[in-house]
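S.K.: If you scroll down you'll find the structure; I have some questions about it.
Chains as they are written, first to last, in the working numbering: chain A, 4 to 392; chain B, 11 to 404.
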């Protein structure tokens, strides 16, 4: 009689309980694998951002206070030989929306010459850069709006700005960005915006933020301190932050979704541990006499221990599989794009997340089975045989 | 005669470990659930307070919120043509309030200042207090001669440095100290998350020559839709919304966030149903002979079915109470404040999450539903037990 055989018999004995436990385990595991995928997606974005070595310089008080665009030259002058900084790209908030809709896109006007260098991770090909340089109406969009509004390469589209002077501009899509972290962004050329403003007699070539592509992490840190020191005590005092610190300002304000996901993951682990523990206690109680019989016919204590523990682990792994696989397939087929919550729309379940979930399930299975297994092992054979169920 | 309640109550304690584990599963789900309901109801309360139909907000065409709206004074003056505006009964001034909105970044109290949030600073005149009727001052009103501000209750609770007597640096270069001379409440409306000061003083401090918005109160008989059309029309050419519509649009992002949270909790609540079903099936299976005996002495199948459902509801209520207590303890110890960006205001709306009796009642209702659902099938099976064969079982 092998361990596998005993296990299969035990699970089949009370198929209803096995099924209920698996479902009760699978549902929270489905949440877990989604939550952990999301946390991992953010960790990847954060690591990518760090590798990109971008430093954001904005007004010290708030992002809505604009800075003169001549500041770009002053920043470049801090490192004339280009030992630390590669390029500086000034950006102006446009806040465009598709006419007739309410959803404001994260749309920014960027310096045309340096945008492809500072945002090299947008992966524009030489040809795309050439089009961007040639066509003043060129725009680069993330996948989010492109999918939502059905934009394709070469399409002419119109956006209405939600900030003064509330202009309507026409753009031509020259690139659709394939990265989760830029899913909801929309970039176009700042000279195009400035010209349009001049035409209506309201020129204002100021910027909300300058993004600086640095060469080394060391260079980024020294530039950060130097820039803030240079502009301190002027009306345009600055605050410089790396991309992750900048993003963290918004994470809290959008409800701290990463925090929510982490709490969800912890709650789930607690729930499944309780569910698994409960089932094992129930089945142990029911099977007291049977285990006593095992012992009576000569099963060693260790073997009884292993039988109970292995059942708990097997149940946990089955439950996890039933939860994780449909979630992975479901998210791949129906992404959460309609939520329009930044990277959450690009969420898919990575193989590593599946692996992490299975390991967690395994650990929970072991933890939940330990006590019942210990109880089974130290069962007093004579007492248990005598007990009436 | 139904089975005595004490029978079910005492049955719960026959299997202590199982009962305890089930209570903990339910308690965990209910704890998270009541936190979320607390948040959602704080949001709803806030928005329902700010939903007077006779109160309009006027923005520049194309703007989506006060933060990105700029109304030149000459545009604002055209609003005086509007005949539907109510007038102050004593001074006979029109109830039309020019306002300016800027932001100041302040450190959050709940994480010790590690992160900051954008707090709205609103410049107002005396008329504002006649237009925003739910504003209640705690302390003094700001002076028009000196740099002073008053702070909304929710903002003071969420952000550091906003207590009475403290000073806050405002202005484009954050170089003008404004003293905090009073707090105000507004029945929990979103303006409780704001800082208010005297409009000309703030416009001067921020080098602004334009207003952001105008709030106005319509006379009692006036139709808001007609007034909105009039404001849109060729004579005025601005954009107006009722207060309710405006705040509803701003909270769209928060509602999406709540939707995600609801999905998570629903899945977990379903898991709790299965967990209870599991426990109840085991209870029924372990008491086959007992149930058969009850049938023999005259209890009907229906009474036994009801009995087991009651037992399960008891079990889940215990879990529900544990969960509510855990949630209350969490709010007390870890903190109950939360703030989120409005959709386009670029400023936060602060909430104070409270475990109100209503929230607790909602959580317990969920728990009763979960308990009854989980128990129904096992209880039904118990009620259909073959008496003779069950009595014969070992």
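Here a beta-carbon is modelled for each residue, glycine too, at the ideal position from N, C-alpha and C.
Thinking C-alpha only, which one of A:92, A:174, A:129 and A:141 is nearest residue 118 of chain A?
M.R.: Stepping through the first chain from its first residue, residue 118 of chain A is reached at position 115. With distances taken between Cα atoms, residue 118 of chain A lies closest to A:92.
S.K.: To the nearest angstrom, how far is the alpha carbon of residue 392 of chain A from that of residue 292 of chain B?
M.R.: Locating residue 392 of chain A in the first chain gives position 389, counting from the first residue. Locating residue 292 of chain B in the second chain gives position 282, counting from the first residue. With a pLDDT of 45 at residue 392 of chain A, under the threshold of 50, the modelled position of this residue cannot be trusted, and the question is left open.
S.K.: Using a Cβ-Cβ cut-off of 7 Å (strictly less than) and excluding sequence neighbours within five positions of residue 373 of chain B, which residues of its own chain qualify?
M.R.: Translated into positions along the second chain, residue 373 of chain B becomes position 363. So the list reads 40, 43, 44, 47, 330, 333 and 334, once near-sequence residues are dropped.
S.K.: Below 8 Å, is the gap between the Cβ of residue 290 of chain B and the nearest heavy atom of the ligand FMN?
M.R.: The ligand FMN is not part of the structure shown, which contains no ligands of any sort.
S.K.: Quick check: residue 365 of chain A and residue 213 of chain A, are their CB atoms within less than 9 Å of each other?
M.R.: Working through the first chain from its first residue, we reach residue 365 of chain A at position 362. Working through the first chain from its first residue, we reach residue 213 of chain A at position 210. For residue 365 of chain A and residue 213 of chain A, no; Cβs fall outside 9 Å.
S.K.: Answer with yes or no whether the minimum CB distance from residue 49 of chain A to chain B is below 9 Å.
M.R.: In the first chain, the residue the question calls residue 49 of chain A occupies position 46. With 9 Å as the cut-off, residue 49 of chain A does not count as an interface residue toward chain B.
S.K.: CA-CA distance, residue 205 of chain A and residue 356 of chain A?
M.R.: Locating residue 205 of chain A in the first chain gives position 202, where the first residue counts as 1. Locating residue 356 of chain A in the first chain gives position 353, where the first residue counts as 1. In a straight line, the C-alpha of residue 205 of chain A is about 52 Å away from that of residue 356 of chain A.
S.K.: Got a sec: which bits of the stretch 9 to 38 of chain A sit with their beta carbon under 7 Å from any beta carbon on chain D, in order along the chain?
M.R.: The structure shown contains no chain D; the protein chains it does contain are A and B.
S.K.: Across which residues does DSSP place residue 194 of chain B in a beta bridge pair?
M.R.: Position 184 of the second chain, counted from the first residue, corresponds to residue 194 of chain B. B:147 and B:162, per the DSSP bridge assignment.
S.K.: Ordered along the chain, which non-local residues of its own chain (more than five positions away) have a Cβ less than 7 Å from that of residue 55 of chain A?
M.R.: Locating residue 55 of chain A in the first chain gives position 52, counting from the first residue. The residues are 124 and 246.
S.K.: Residues of chain B with CB closer than 8 Å to the CB of residue 169 of chain A, please, in chain order.
M.R.: If you number the first chain from 1, residue 169 of chain A lands on position 166. Here the neighbours are 70, 71, 72 and 73.
S.K.: Run through the DSSP bridge pairs and tell me what residue 308 of chain A is partnered with.
M.R.: Here residue 308 of chain A is taken as the residue at index 305 of the first chain, counted from 1. The partner list for residue 308 of chain A (beta bridge, DSSP) is empty, contrary to what the question assumes.
S.K.: Could you say which of B:382, B:99, B:96 and B:400 lies nearest to residue 288 of chain B if we only look at CA atoms?
M.R.: As a working mapping, residue 288 of chain B is identified with position 278 in the second chain. That would be B:382, whose Cα lies nearest to the Cα of residue 288 of chain B.
S.K.: Ordered along the chain, which non-local residues of its own chain (more than five positions away) have a Cβ less than 7 Å from that of residue 227 of chain A?
M.R.: For the purposes of this step, residue 227 of chain A is taken as residue 224 along the first chain, with counting starting at 1. Excluding residues within five positions, the ones whose Cβ falls inside 7 Å are 58 and 243.
S.K.: What's the C-alpha gap between residue 127 of chain B and residue 368 of chain B?
M.R.: For this step, residue 127 of chain B is matched to residue 117 along the second chain. For this step, residue 368 of chain B is matched to residue 358 along the second chain. The alpha-carbon atoms of residue 127 of chain B and residue 368 of chain B are separated by roughly 30 Å.
S.K.: What's the C-alpha gap between residue 264 of chain B and residue 52 of chain B?
M.R.: Taking the first residue of the second chain as 1, we reach residue 264 of chain B at position 254. Taking the first residue of the second chain as 1, we reach residue 52 of chain B at position 42. About 12 Å.
S.K.: Can we say the stretch 187 to 202 of chain B touches the stretch 141 to 151 of chain B, given the rule of at least three CB pairs closer than 8 Å?
M.R.: At 8 Å Cβ cutoff, the stretches touch.
S.K.: Taking only three categories from DSSP, how would you classify residue 288 of chain B?
M.R.: Taking the second chain and counting its residues from 1, one reaches residue 288 of chain B at position 278. In the structure shown, residue 288 of chain B sits in a helix (DSSP, three-state: H, G or I).
S.K.: For residue 209 of chain A and residue 72 of chain A, which I take to be in contact (beta-carbon distance under 8 Å), what is that distance rounded to the nearest angstrom?
M.R.: As a position in the first chain, residue 209 of chain A is number 206, starting the count at 1. As a position in the first chain, residue 72 of chain A is number 69, starting the count at 1. Correct: roughly 6 Å between the Cβ atoms.
S.K.: At a CB-CB cut-off below 7 Å, which residues of chain B make contact with residue 246 of chain A?
M.R.: Taking the first residue of the first chain as position 1, residue 246 of chain A is located at position 243. Within chain B, no residue comes near residue 246 of chain A; the closest Cβ sits about 16 Å away, beyond 7 Å.
S.K.: Evaluate the contact criterion for the stretch 188 to 196 of chain A versus the stretch 131 to 147 of chain A: three or more CB pairs, one atom per stretch, below 8 Å.
M.R.: As far as the Cβ criterion goes, the stretch 188 to 196 of chain A touches the stretch 131 to 147 of chain A, which means the pair count is three or higher.
S.K.: If you compare alpha carbons, which of B:201, B:112, B:181 and B:86 is closest to residue 142 of chain B?
M.R.: For this step, residue 142 of chain B is matched to residue 132 along the second chain. Taking only the C-alpha atoms, the option nearest residue 142 of chain B is B:201.
S.K.: Checking the sheet assignment: what are the DSSP bridge partners for residue 349 of chain B?
M.R.: Stepping through the second chain from its first residue, residue 349 of chain B is reached at position 339. Residue 349 of chain B pairs with B:360.
S.K.: Considering only residues of the same chain and omitting the five flanking positions on each side of residue 320 of chain A, which have a CB-CB separation below 8 Å?
M.R.: If you number the first chain from 1, residue 320 of chain A lands on position 317. So the qualifying residues of the chain are 361, 364, 365 and 368.
S.K.: What residue range is occupied by the uninterrupted alpha helix (DSSP H) comprising residue 86 of chain B?
M.R.: Within the second chain, numbered from 1, the residue matching residue 86 of chain B stands at position 76. Here the alpha helix (DSSP H) through residue 86 of chain B covers 83 to 87.
S.K.: At a Cβ threshold of 9 Å, is residue 207 of chain B touching chain A?
M.R.: One-based indexing of the second chain puts residue 207 of chain B at position 197. No, its Cβ sits nowhere closer than 9 Å to a Cβ of chain A.
S.K.: Name the two residues that bound the continuous alpha helix (DSSP H) containing residue 152 of chain B.
M.R.: The residue given as residue 152 of chain B occupies position 142 in the second chain. Counting along the chain, residue 152 of chain B falls outside any alpha helix (DSSP H), and DSSP gives it neither H nor E.
S.K.: For a minimum of 4 consecutive residues, which ranges assigned as the alpha helix (DSSP H) are wholly contained in the stretch 259 to 331 of chain A?
M.R.: Listed in chain order, they are 260 to 289 and 291 to 299.
S.K.: Return the chain-ordered list of same chain residues with a C-beta closer than 7 Å to the C-beta of residue 101 of chain A, the five sequence neighbours on each side being excluded.
M.R.: Residue numbering aside, residue 101 of chain A sits at position 98 when the first chain is read from its first letter. Correct list, in chain order: 152 and 162.
S.K.: Which bits of chain A does residue 188 of chain B rub up against, with CB to CB less than 7 Å?
M.R.: What you label residue 188 of chain B is simply residue 178 of the second chain in a count that begins at 1. Residues of chain A passing the Cβ test: none, with the nearest at roughly 14 Å.
S.K.: If we ignore side chains and look at the alpha-carbon of each, how far apart do residue 358 of chain B and residue 354 of chain A end up?
M.R.: One-based indexing of the second chain puts residue 358 of chain B at position 348. One-based indexing of the first chain puts residue 354 of chain A at position 351. In a straight line, the C-alpha of residue 358 of chain B is about 37 Å away from that of residue 354 of chain A.
S.K.: Select from the stretch 273 to 305 of chain A all residues with a C-beta closer than 9 Å to any C-beta belonging to chain B, and list them in chain order.
M.R.: Cβ contacts with chain B come from 273, 274, 275, 277, 278, 280, 281, 282, 284, 285, 286, 288 and 289.
S.K.: According to DSSP, is residue 66 of chain B part of a helix, a strand, or is it coil?
M.R.: Start at 1 with the first residue of the second chain, and residue 66 of chain B comes out as number 56. Note: residue 66 of chain B maps to strand in three-state DSSP.
S.K.: Run down chain A in chain order and give the residues with a C-beta less than 9 Å from the C-beta of residue 260 of chain B.
M.R.: Reading the second chain from its first residue, position 250 is the one you call residue 260 of chain B. Under the 9 Å cutoff, chain A gives no residues; its nearest Cβ is about 11 Å from residue 260 of chain B.
S.K.: Since residue 216 of chain A is in the alpha helix (DSSP H), which residue starts that stretch and which ends it?
M.R.: Numbered from its first residue, the first chain carries residue 216 of chain A at position 213. It is not in any alpha helix (DSSP H) - residue 216 of chain A instead sits in the beta strand (DSSP E) that spans 212 to 217.
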